[in-house]
Amino acid sequence: WRAIKIAIAGQSNFPRLFASGFAILLISQIFIHIGMNLGLLPIIGIPLPLISYGGSNLVTTFIGLGILQSIKTH
């Protein structure tokens, strides 16, 4: 939820759009993964952010979180 707070406090369009897009990406991955575990959605190869070990996804998530932290400090 902190990404949404960063999006609201953004000073221009890019920080707002990036933070809200990244928050939507994480939330959608979480809900898809929960749906797969409950048997509501078909099983696809989306790892759970920050928990599952999916090499390139983990690196991409950390890069996105780093950019969010940079947006927050500036």
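Under the working numbering, think of the first position of the sequence shown as 586, with each following residue one higher.
Virtual Cβ for every residue (Gly too), placed ideally from N, Cα, C.
Keep in mind it's a predicted model, so treat the numbers as computed, not measured.
State the CB to CB distance for the pair H618 and L602, rounded to an integer number of angstroms; the pair is presumed to be in contact (CB under 8 Å). In fact, because the Cβ distance is near 24 Å, the residues do not count as touching under 8 Å.
Length of the line joining the Cα atoms of T658 and Q614: 26 Å
Cα-Cα separation between A592 and P600, rounded to whole angstroms: 6 Å
Helix, strand or coil at G620 [DSSP, three-state]: helix
Return helix, strand or coil for Q596, following the three-state DSSP convention. coil
Pick helix, strand or coil for I609, following the three-state DSSP scheme. helix
For F616 and A588, which I take to be in contact (beta-carbon distance under 8 Å), what is that distance rounded to the nearest angstrom? Contact flag wrong, Cβ pair sits at about 15 Å.
What's the gap between the Cα of L626 and the Cα of A594? 35 Å
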